[in-house]
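Asker: First to last, the protein sequences are chains A and B. Read left to right, the first sequence gives residues 2 to 311 (the numbering used here). Read left to right, the second sequence gives residues 2 to 311 (the numbering used here).
There are 2 protein chains.
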Amino acid sequence: MSGDLALGPGAEFDAIRAMVARWGARATGIGDDAAILHVPRGDVIVASVDSFVEHRHFQRDWLTPREVGYRSAAAALSDLAAMAASPIALLIAINTPDSWLANLPEIADGIGEAAGAVGAHIAGGNLASASELSITTTVLGASFRPLRRNGAVDGDVVYVTGTLGGPAAALSRLRAGESPEDHWDRFAHPVPRIAEALWLADRGVMSAIDISDGLIGDVRHLAAASGVCVEIDTARVPRAADVSIELALESGEEYELVVTSPQPLDEREFRERFGIPLTMIGRVSSAGAGEVLLDGVRVVGAVSHDHFAR
Amino acid sequence: MSGDLALGPGAEFDAIRAMVARWGARATGIGDDAAILHVPRGDVIVASVDSFVEHRHFQRDWLTPREVGYRSAAAALSDLAAMAASPIALLIAINTPDSWLANLPEIADGIGEAAGAVGAHIAGGNLASASELSITTTVLGASFRPLRRNGAVDGDVVYVTGTLGGPAAALSRLRAGESPEDHWDRFAHPVPRIAEALWLADRGVMSAIDISDGLIGDVRHLAAASGVCVEIDTARVPRAADVSIELALESGEEYELVVTSPQPLDEREFRERFGIPLTMIGRVSSAGAGEVLLDGVRVVGAVSHDHFAR
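In structure tokens, the structure reads:
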């Protein structure tokens, strides 16, 4: 699409053309009022939207423009992983001040990297001026049988992918003026667990959620949706190096998955295939609908990452 | 979904719950990481995204919160009209400062009004804090054979729906400190021409575009995509009362459709059915690929509404 993009003249369209040129063959159908997407026969569409906002989710000196683009798209794709859906396409809405305009091609490179890693096309978008940068990514996927939050039942085993707390540790060090060191990559370069989710769905997992708002907060959403209690053994929760158990339990910005399964899963095979751990961290019980127990103690109050908490 | 929305506690989720409560049965599937949508067998998915940004597209004292919500969704839905797609669902990403939080239920009412008018559900969204209000709406529709911009051929007749220039006239009066009077409703309450588009597609129209960036600018996109020349008789362009021909030709914020048809269309039947005019304004020729002629004179330079024009 790049060289012959069928748009008229103008600075807005020049910026769009520059981004589409960076995407190359990964951009499809851009130039109509809307994108046309084909759905595998028998599948349902799985759709989600996520925003990444300057000054709220990141500061300009934290991330390169490419990382800003990558992270905005990768975080949105994580919602498709949580549903065990195969990505089809992204729509990218960018609101930007003039001061970011020259960085749009690098931002496009990061978006293209995230889309390419999961085989998704970039099928459309919108560009508008604004006083701060925000990137709103719509992800569209397909699934024959999506995983939902409401499938957990009494007796299920609870698993989490990866290790937790790295992104929060990186952020707290940055905000304290320190170097985030080893944890930085976990904040700047989260990996949506698409392939892992499809593997888990194939092995009979019955519910899933991504823990972008923190383990406890998101597990509580799952418990509420399923009308069950989730009991977590905190000593089992896999933590990044030098991360406290509190940070691992409560930190947002994670893009790992929590799943529930009627039968035990092969943790070794998972690690060999994906290079990250799959860890049994608890079980589902009927002790109280919508409840989360940490080592047998009921969680009360707001613990989830909450953009409007005081 | 309203009363029993399966989300955990927290101020962010309270705000989401308040909006979902206003949508009632129109909100479906909210509470999972992503929405699940069923596509009519044999249809393709048509998808688009559009943003409505405070201080750029509107000022707070111009519109009620309900109008802000209505207009953000209606403008996005216009892109489905341009493709002759039947709306299925909206995803709503709201970035908002605290000063707008109390208005979210009214904004939700306006979004629900726009969705309800075209039979679409509200299937998901995202809420984040930001320094200014922006509403990014993803629209998802289905079509057996979507209309595109690239279907115009030499000899086609060119039509436009409705009357032009009202929104621009309203905006220029507002910016001059005057009352927008009669034109205001055209700015605050645009109607996506979904039913009109389906009627036109049934009658053999082969290309379409919505003219949200202004008649000339968008017709030029169509001419470029189709590799044809579009010749417009400016005296035929239907204008709102007291609107100059220049304003009618160049004004953005229109949500009417331009279509090309191999044969003449029944303008009287259209007006009787939809209560707005359908007007033949020109023809397609081979005089120059991507060109627009106004009364035989070639249009040069940028005339389209351009968010980043200097």
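For glycine and all other residues, C-beta sits at the position ideal for the given N, C-alpha and C.
For residue 131 of chain B, I'd like the list of residues in its chain whose CB is within less than 7 Å of its CB, leaving aside the five on either flank, ordered along the chain.
Answerer: Result list for residue 131 of chain B: 96, 97, 98, in chain order.
Asker: Cβ atoms of residue 206 of chain A and residue 260 of chain A: under 7 Å apart, would you say?
Answerer: It is a contact, given that the beta carbons lie within the stated cut-off.
Asker: According to DSSP, simplified to helix, strand and coil, what is residue 106 of chain A?
Answerer: Helix.
Asker: My output table needs one value for residue 71 of chain A: the three-state DSSP class, helix, strand or coil.
Answerer: Residue 71 of chain A: helix per DSSP, three-state reduction.
Asker: Under the three-state reduction of DSSP, which class applies to residue 2 of chain B: helix, strand or coil?
Answerer: Interpretation of residue 2 of chain B is limited by its pLDDT of 27, a score under 50 that renders its predicted location unreliable; the figure taken from the coordinates is listed afterwards. DSSP places residue 2 of chain B in coil when its eight states are reduced to three.
Asker: Just how far apart, CA to CA, sit residue 59 of chain A and residue 194 of chain A?
Answerer: Cα to Cα, the separation comes out at about 22 Å.
Asker: Nearest to residue 157 of chain A by CA position, among A/85, A/248, A/262, is which residue?
Answerer: Taking only the C-alpha atoms, the option nearest residue 157 of chain A is A/262.
Asker: At the level of alpha carbons, what is the spacing between residue 71 of chain B and residue 42 of chain B?
Answerer: Cα to Cα, the separation comes out at about 30 Å.
Asker: In terms of alpha-carbon separation, which member of A/202, A/299, A/218, A/238 lies closest to residue 85 of chain A?
Answerer: Of the listed residues, the one whose Cα sits closest to residue 85 of chain A is A/202.
Asker: With a threshold of 8 Å, are at least 3 pairs of Cβ atoms found where one atom belongs to the stretch 36–54 of chain A and the other to the stretch 137–150 of chain A?
Answerer: A contact exists between the stretch 36–54 of chain A and the stretch 137–150 of chain A.
Asker: Strictly by DSSP, which residues pair up with residue 281 of chain B?
Answerer: Looking at the DSSP assignment, residue 281 of chain B forms a beta bridge with B/160.
Asker: Compare the beta carbon distance of residue 54 of chain A and residue 135 of chain A with 7 Å and say whether it is the shorter of the two.
Answerer: In contact: residue 54 of chain A and residue 135 of chain A (Cβ atoms closer than 7 Å).
Asker: Under a CB-based cut-off of 7 Å, is residue 294 of chain B close to chain A?
Answerer: Chain A contact via Cβ: absent.
Asker: In the DSSP assignment, the alpha helix (DSSP H) including residue 222 of chain B goes from what residue to what residue?
Answerer: Residues 216–227.
Asker: Let me know the secondary structure DSSP gives residue 253 of chain A once reduced to three states.
Answerer: Residue 253 of chain A falls in the coil class under three-state DSSP.
Asker: Less than 7 Å between C-beta atoms, sequence neighbours within five positions excluded: which residues of the same chain meet that for residue 80 of chain B?
Answerer: Counting only Cβ-Cβ distances below 7 Å, and skipping sequence neighbours, we find 49, 51, 140, 211.
Asker: Assuming contact is defined by CB atoms lying nearer than 7 Å, are residue 168 of chain B and residue 254 of chain B in contact in what I supplied?
Answerer: Cβ atoms of residue 168 of chain B and residue 254 of chain B: closer than 7 Å.
Asker: Please list, in chain order, all residues of the same chain as residue 276 of chain A whose beta carbon is under 6 Å from its beta carbon, the five residues on each side excluded.
Answerer: Nothing listed; no residue qualifies.
Asker: Name the DSSP bridge partner or partners of residue 47 of chain B?
Answerer: In DSSP, residue 47 of chain B forms a bridge with A/37, B/142.
Asker: What residues in the stretch 120–137 of chain A bring their beta carbon closer than 8 Å to a beta carbon of chain B?
Answerer: Within the stretch 120–137 of chain A, the residues whose Cβ lies closer than 8 Å to some Cβ of chain B are 124, 125, 126, 127, 128, 129, 130, 131, 132, 133, 135, 137, listed in chain order.
Asker: Using 8 Å for Cβ pairs, my map puts residue 16 of chain A next to residue 92 of chain A. What's the rounded Cβ distance?
Answerer: Going by Cβ atoms, the distance from residue 16 of chain A to residue 92 of chain A rounds to 17 Å, so no, they are not a contact pair.
Asker: Start and end of the alpha helix (DSSP H) containing residue 195 of chain B?
Answerer: Where residue 195 of chain B is concerned, the enclosing alpha helix (DSSP H) stretches over 195–203.
Asker: Would DSSP call residue 119 of chain B helix, strand or coil?
Answerer: Residue state, collapsed to three classes: coil.
Asker: Would the stretch 234–254 of chain A and the stretch 169–189 of chain A be scored as touching if the rule is three or more Cβ pairs under 8 Å?
Answerer: At 8 Å Cβ cutoff, the stretches touch.
Asker: Closest by CA to residue 224 of chain B, which one among B/63, B/243, B/284?
Answerer: Nearest of B/63, B/243, B/284 to residue 224 of chain B, Cα basis: B/284.
Asker: What is the rounded straight-line gap between the Cα of residue 77 of chain B and the Cα of residue 138 of chain B?
Answerer: Answer to the nearest angstrom: the Cα atoms are 6 Å apart.
Asker: Please list, in chain order, the chain A residues whose beta carbon lies closer than 7 Å to that of residue 139 of chain B.
Answerer: Those within 7 Å of residue 139 of chain B in chain A are 50, 92, 139.
Asker: Pick from B/209, B/89, B/272, B/62: whose alpha carbon is nearest that of residue 40 of chain B?
Answerer: Residue 40 of chain B has its Cα closest to that of B/89, out of B/209, B/89, B/272, B/62.
Asker: Taking the C-alpha atoms as reference points, what is the distance between residue 229 of chain A and residue 208 of chain A?
Answerer: So the two alpha carbons sit approximately 12 Å from each other.
Asker: Cβ of residue 211 of chain A less than 7 Å from any chain B Cβ?
Answerer: For residue 211 of chain A, the answer is yes, since a Cβ of chain B falls inside 7 Å of its Cβ.
Asker: Interface residues of chain A around residue 150 of chain B at Cβ under 9 Å?
Answerer: Those within 9 Å of residue 150 of chain B in chain A are 7, 32, 33, 34.
Asker: Give the single residue among A/216, A/282, A/173 whose Cα lies nearest to the Cα of residue 63 of chain A.
Answerer: With distances taken between Cα atoms, residue 63 of chain A lies closest to A/173.
Asker: Output needed for residue 221 of chain B: all residues of its chain with C-beta closer than 6 Å, excluding positions within five of it in sequence on either side, in chain order.
Answerer: Same-chain partners within the cutoff: 293.
Asker: DSSP three-state call for residue 42 of chain B: helix, strand or coil?
Answerer: Three-state DSSP puts residue 42 of chain B in coil, outside helix and strand.
Asker: When DSSP builds the beta bridges, which residues end up paired with residue 126 of chain A?
Answerer: The partner list for residue 126 of chain A (beta bridge, DSSP) reads A/93.
Asker: Of the choices A/281, A/36, A/100, A/243, whose alpha-carbon is the least far from that of residue 232 of chain A?
Answerer: When each option's Cα is compared against that of residue 232 of chain A, the closest is A/281.
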